[in-house]
Amino acid sequence: MVSVVEILSPSFLLFPALLGSAILALVCPLVGAHLMLRRRVFLGLTLPQIAACGVAATFWLHHAMGFDHGSGGERLLAMAGSLVFTLVGMGLLAYLDRHATGSPEGRLAAAYALASALTILFIVFNPAGELEIVNLLKGEVISLSKEELKLLALVYGIVYVGLALFRREFLLNSFDRDLSFLLTGGGVRWSLWLYVLCGVSIAVGVIMAGPLLVFGFMVLPPLAARTLARGMSSFLSLSSIIGLITAVLGFYLSVRLDLPLGPTDVAFGCVVIFAVYAVQAVLRRGRGLVGFLIILLVLFAGCSARQPGAPFDPSLLNREPLWLAAVRNGTGLDLRLPGTNPLRSLGEMAGKLSPDYRPTVMDLLRGSLQRELQQRQVIVSLPEERDVRLQSLPFDSVSAAAHARMAKLSGWLWLSEIRRWHTDGRAPLRAGVEMKLVRIDDGAAAWQRQVVKTVPIAGAMRLDEISADAVREILRDVFGQ
Amino acid sequence: MSKAPLLVSLRAATLGYDGAGVLHGVDLDIGAGDLIAMPGPNGAGKTTIFRTILGFIPAIAGVLTRNCALNEFGYVPQSSALDSTFPITAREVVAMGGFGRLKPYQGLPAREKQRLHDVLEEVGLAHLAGRAFFSLSGGQRQRMLIARALMVGPKILILDEPLSGVDPESQKAISELLLKLNRDEGKAIFFSSHDLRMVRSVTDKVLRVDGGKVAWEEASEAQHPW
């Protein structure tokens, strides 16, 4: 299991994803704080949806013009669509705010509904690109490539610098537009620049991280900061700081509990708001420190996950033989790997392999386990080589040991079951495996370990490559390297 | 009416919104050192005159002349017009008055900090500078907004209902502050109020607004408080 310190290390496998989250969490709350000050916080909900509609519309147009999906440049195309729709939508809303009657909130709600409906319709018109669009709209910050991370850092860096440099002008313009007009001569100009910065950050953020995370980071940290801040400077800085804390701890929880990052961050952001309000309420009532400590205790107890088990220690075996059972597939999925091994055809020609046979993730894991154990001077045997009836053993310790005793095996049984092994080809591979060491004599488990891993697919092109990466990660956990 | 150098002049002006006149035939001169009150019922068009002078809306007809730049106007809006959800301190509100002199990326220089301190002292609220602006009483907020207008370094102060919604003690304090700024510093002051009695206790230059017209009150009608 990883610790917070580990995920903050640049050598951590998912560090780029954490960096992406942190960039979003630093800048989005600033954007959201400005929208909140202008009572335009629903723009933060509507604009990401308009951006999503832009993505779907662009893909539909791309397809209608005869281009195939998967021809490359989809993300660039999506970015362009997102940006154009966001800026045009924002301009239109701003125009209506100035010239139309009726409630601005009503207009935002209507725009949100329309953008949502059009997004779905564009996807329906373009079934060929449905998966690609849905993936892009879902936005997995965890699967950002290095180039995308650089682009995100560049765009959000510009937005951050813009918001920091012109903080005074934006604040004055939000607080008292009349005075802004008198002193800076450009009430509309400053509003326009602020909305352009907001629009660009939303359009790019939606592509990189999806509408949910962008809206969550725009709204939740400023809401928490609002109750703590004693002035505008502290409001803006606290919004970013709370955003950053939410991103790091949310990321940690997501990795540790094997949860999707976006919803985890948003849910954790809500917990932060409740905690801030609760702490304030307790402090106001004068029971300060005790109450605060109780809340902290409850929070940390609630958030703490299972303690990781100890790595496998070969001395447990006491030099007795180890029977490495076939790995069970508990996922319900077909985990066969694509056949690309050039030796495979030779094997088939020699009659050693059936043409129907494909290696599986279970084979991959078992082979790697066998090598690791042998490297530790453990004598490893395969149960089915002693008795073909032991090709598949139950994962239950007592039953497995009983089967082994019937085949007159002695020593130890190593049982493994894959509980989760899933990726859609773009999102990271999420893997969950349970292993245990069972004494054949009595069926008692002397050691057991659950490993949950989220492995980015960056660099890996195929399921076998990704799975090999995941197996390496799992073994690192099991053997404590 | 005024013999001092003219700062603002309106001649035969029609004022209103989106081409629809609210006030017609408005003639008004504001000279340096003038203290002019503008009483009138709610909705009579007092704020429309202010907004036209300040350039927020154009005059529909007639001539508007300004002999000072827009950033030399110190404008004090009604504090209820500001968004009370802002987590802003009184010091931050007052400091906004100096933003016109600063470059976008420039920090607050020492002379501006000194000026900030001076205007807060002038309105007698330096001790409340660190408090949340919207936690202050109505009268204190109004004086803070006057401090913000003074921070601009204005030639003319325009105050929209500075005496409304405040307790009698604050009304007195604000009235005395306006008189001091006018007499001691020579600031031109133009303010509105719907309280005619209070207006008359401050100045004898009274421009009445009612029924779509403006008219100067005869000097003999006014009572001189000083």
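Those sequence lines, one after another, are chains A and B. So for the first sequence, the working numbering puts the first residue at 4; every next one is plus one. So for the second sequence, the working numbering puts the first residue at 233; every next one is plus one. Backbone N, C-alpha and C fix where the C-beta goes; we use that ideal spot for every residue, glycine too.
- Shown here, R363/B sits in coil according to DSSP, grouped into three states, outside any helix or strand.
- Inside the segment 406 to 454 of chain B, DSSP marks whole beta strand (DSSP E) runs of 3 or more residues at positions 420 to 425, 437 to 442 and 445 to 448, from first to last along the chain.
- The segment 328 to 339 of chain B and the segment 414 to 425 of chain B do not touch, with fewer than three beta-carbon pairs separated by less than 8 Å.
- By the rule that beta-carbons nearer than 8 Å mark a contact, A278/A does not touch chain B.
- The beta carbon of F178/A falls within 8 Å of a beta carbon belonging to chain B, placing the residue at that interface.
- The C-beta separation of V325/B from F282/B comes to about 20 Å, leaving the pair out of contact by the 8 Å criterion.
- Cα atoms of L241/A and T49/A: separation of roughly 25 Å, rounded to the nearest angstrom.
- The criterion of a C-beta distance shorter than 8 Å is satisfied by L396/A and A328/A.
- It is roughly 14 Å from the alpha-carbon of P290/B to the alpha-carbon of S241/B.
- Shown here for V279/A: same chain residues with a beta carbon closer than 7 Å to its own, the five before and five after excluded, namely A227, T230 and L231 in chain order.
- Within the same chain, Cβ atoms closer than 7 Å to the Cβ of G57/A are found at G84, S85, V87, F88 and T89, the five residues on either side in sequence being excluded.
- At least one CB of chain A lies nearer than 8 Å to the CB of D315/B.
- The three-state secondary structure of K278/B, taken from DSSP, is helix.
- If you check each beta-carbon in the segment 184 to 209 of chain A against every beta-carbon of chain B, the ones closer than 8 Å belong to F184, L185, L186, T187 and G188.
- Annotation: Cβ neighbours of N303/B in chain A (cutoff 9 Å, chain order): L185, L186, T187 and G188.
- DSSP, reduced to helix, strand and coil, places F305/B within a strand of the structure shown.
- Among the CB atoms of chain A, one or more fall inside 8 Å of the CB of E324/B.
- By the rule that beta-carbons nearer than 8 Å mark a contact, M235/A touches chain B.
- Taking a C-beta distance under 8 Å as the contact criterion, R422/A and E437/A qualify as a contact pair.
- Rounded to the nearest whole angstrom, the C-alpha separation of Q374/B and D392/B is 10 Å.
- Not flagged as an interface residue toward chain A: M270/B, since no C-beta distance is shorter than 8 Å.
- For D181/A, the secondary structure class from DSSP, reduced to helix, strand or coil, is helix.
- At a Cβ-Cβ threshold of 8 Å, K387/B and E304/B count as neighbours.
- Out of V391/A, S413/A and D268/A, the CA that lies nearest to the CA of L215/A is found in D268/A.
- Per DSSP, T267/A is one residue of the alpha helix (DSSP H) stretching across L264 to R287.
- For F128/A, the CB contacts under 7 Å within the same chain, skipping 5 residues up- and downstream, are W63 in chain order.
- With respect to chain B, the C-beta atom of E172/A has a partner C-beta closer than 8 Å.
- A471/A has its alpha-carbon roughly 13 Å from the corresponding atom of P341/A.
- I292/B sits close to L247/B, with the two beta carbons spaced by under 8 Å.
- Listed along chain A, the residues sitting closer than 9 Å to L286/B by beta-carbon distance are D181, F184 and L185.
- Taking 8 Å as the CB threshold, R229/A lines the interface with chain B.
- At a cut-off of 8 Å, the C-beta of A232/A has a neighbouring C-beta in chain B.
- For F45/A, no CB of chain B lies under 8 Å from its own CB, so it is not counted at the interface with that chain.
- Runs of the alpha helix (DSSP H) lying entirely within the segment 379 to 449 of chain A and spanning at least 4 residues, in chain order: 386 to 389 and 400 to 409.
- DSSP places V217/A in the helix class (H, G or I) of the three-state scheme.
- Using beta-carbon distances, G248/B does not count as an interface residue toward chain A, since no partner is under 8 Å.
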